[in-house]
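Enquirer:
In the numbering used here, the protein residues as written are 38 to 355.
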């Protein structure tokens with residue numbers, strides 16, 4: 038009887054082990070739930086290119102933007118839990134439950150796989166605005182309440198929350214102008230139609246280095262190698278302001294554990310590679326690595342933290 042029971046359990050577990058060994062056998066899609074041009078798209082494409090090599094199968098980025106990332110996230114939640122649909126998430130995944138009535142249960146819809154990295158926000162302004170520091174921007178905003186605008190990727194976006202937190206801590210009245218994506222929002226600031234952009238440095242660094250945006254401060258605890266002369270927002274006008282975006286990969290709940298472990302192994306190797314470290318540093322970010330369980334706890338802590346910010350700022354979905 039004991040031998041028969043052992044044989045039964047081995048047979049029952051065999052398909053799951055085989056799933057990890059044979060995976061993948063076809064193209065994998067990585068859903069990025071935001072339009073092209075934003076930090077999620079930048080990171081998603083960087084990771085997908087290397088993951089394709091490590092899996093020896095194409096990993097295709099599929100942009101599914103809209104509704105603060107909900108459209109793409111819901112699509113991923115409804116996908117088969119077979120390892121062939123991955124979802125890139127960012128800090129937006131943590132604060133969306135406080136803003137929207139979600140069409141999925143964030144606690145049960147996905148299995149965390151791996152965190153990829155994190156990067157601070159940067160405050161940048163159009164070159165037409167006559168300020169040279171965060172302190173000068175705060176002074177101008179207080180002098181002209183309600184006259185300065187800030188552009189974001191939309192209501193409930195990371196840029197929106199980062200900007201609202203800045204407003205709360207700086208005590209200024211600047212007006213929100215939402216766009217459909219981080220790329221269009223940034224281009225509007227470059228054109229000078231709106232004056233301020235507070236968003237991921239990964240997205241805005243090329244425009245800053247190209248002189249098309251004027252950086253005033255970075256939202257990290259310390260200055261960063263990508264812009265060593267740029268002061269932190271905290272040290273130059275808004276003490277205590279610190280905001281960081283992060284990116285990671287999840288899969289639909291029910292994806293076989295061996296596949297989750299295989300993906301975690303490959304993604305951890307990618308973020309540990311000199312190429313990725315160099316690329317992240319060049320983009321003003323840093324690679325991170327966690328087990329699936331550590332990543333799950335990290336997401337839970339971020340959800341609690343940003344839920345408080347949403348409530349204090351009174352942000353509501355439109």
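Each residue gets a CB set at the ideal place from its N, CA and C atoms; glycine is no exception.
Runs of 3 residues minimum, wholly inside the stretch 90-143: which ones carry the beta strand (DSSP E) assignment?
Expert: 96-100 and 122-127
Enquirer: DSSP state of residue 251, grouped into three classes?
Expert: In this structure, residue 251 counts as strand in the three-state DSSP scheme.
Enquirer: Exposed or buried, what is residue 319 when buried is set at 16 or more other beta-carbons lying within 10 Å of its beta-carbon?
Expert: exposed
Enquirer: Use the C-beta contact count for residue 164: other C-beta atoms within 10 angstroms, 16 or more gives buried, fewer gives exposed.
Expert: Counting C-beta atoms within 10 angstroms of its own C-beta, residue 164 has fewer than 16 neighbours from the protein chains shown and is therefore classed as exposed.
Enquirer: If you reduce the DSSP assignment to three classes, tell me which class residue 41 lands in.
Expert: Only weak support is given to the placement of residue 41: the predicted model assigns it a pLDDT of 44, under 50, and the question is left unresolved by the model.
Enquirer: What are the residues that DSSP puts in a beta bridge with residue 149?
Expert: Listed as beta-bridge partners of residue 149 by DSSP are 287.
Enquirer: So residue 329 is in the alpha helix (DSSP H); what residue range does that whole segment cover?
Expert: 329-350
Enquirer: For residue 61, verify whether its CB is less than 6 Å away from any heavy atom of the ligand FAD.
Expert: Of ligands this structure carries none, so the ligand FAD is not represented either.
Enquirer: Within the same chain, show all residues whose beta-carbon is closer than 6 Å to that of residue 201, passing over the 5 residues directly before and after it, in chain order.
Expert: Cβ neighbours of residue 201 beyond the five flanking positions: 350.
Enquirer: Whole-angstrom Cβ separation of residue 68 and residue 123, contact assumed at under 8 Å?
Expert: 7 Å
Enquirer: Going by the beta-carbon positions, is the gap between residue 143 and residue 134 smaller than 7 Å?
Expert: yes
Enquirer: Under the assumption that residue 238 contacts residue 254 (Cβ atoms under 8 Å), give the Cβ distance between them as a whole number of angstroms.
Expert: That pair is no contact at about 11 Å.
Enquirer: Please say whether residue 195 and residue 129 have beta carbons closer to each other than 7 Å?
Expert: Yes. Within cutoff.
Enquirer: Taking a contact to mean a Cβ-Cβ separation below 7 Å, would you say residue 329 touches residue 297 in this structure?
Expert: yes
Enquirer: Considering only DSSP beta bridges, list what residue 67 is partnered with.
Expert: Beta-bridge pairing links residue 67 to 98 and 123.
Enquirer: Is the CB-CB distance between residue 91 and residue 272 below 7 Å?
Expert: no
Enquirer: Does DSSP put residue 305 in a helix, a strand or coil?
Expert: Shown here, residue 305 sits in a helix according to DSSP, grouped into three states.
Enquirer: Looking at C-beta atoms only, is the number of pairs between the stretch 94-110 and the stretch 69-77 that lie closer than 8 Å three or more?
Expert: yes
Enquirer: For residue 186, which of helix, strand or coil comes out of DSSP?
Expert: strand
Enquirer: With DSSP as the reference, label residue 161 as helix, strand or coil.
Expert: strand
Enquirer: In terms of DSSP beta bridges, what is residue 282 paired with?
Expert: 156
Enquirer: Do you know how far the Cα of residue 160 is from the Cα of residue 322?
Expert: Using only the alpha carbons, I get a separation of about 15 Å.
Enquirer: Helix, strand or coil: which one does DSSP assign to residue 326?
Expert: coil
Enquirer: Nearest-angstrom Cα distance between residue 270 and residue 342?
Expert: 20 Å
Enquirer: Which residues bound the beta strand (DSSP E) around residue 175?
Expert: Not the beta strand (DSSP E): residue 175 falls in the alpha helix (DSSP H), residues 171-180.
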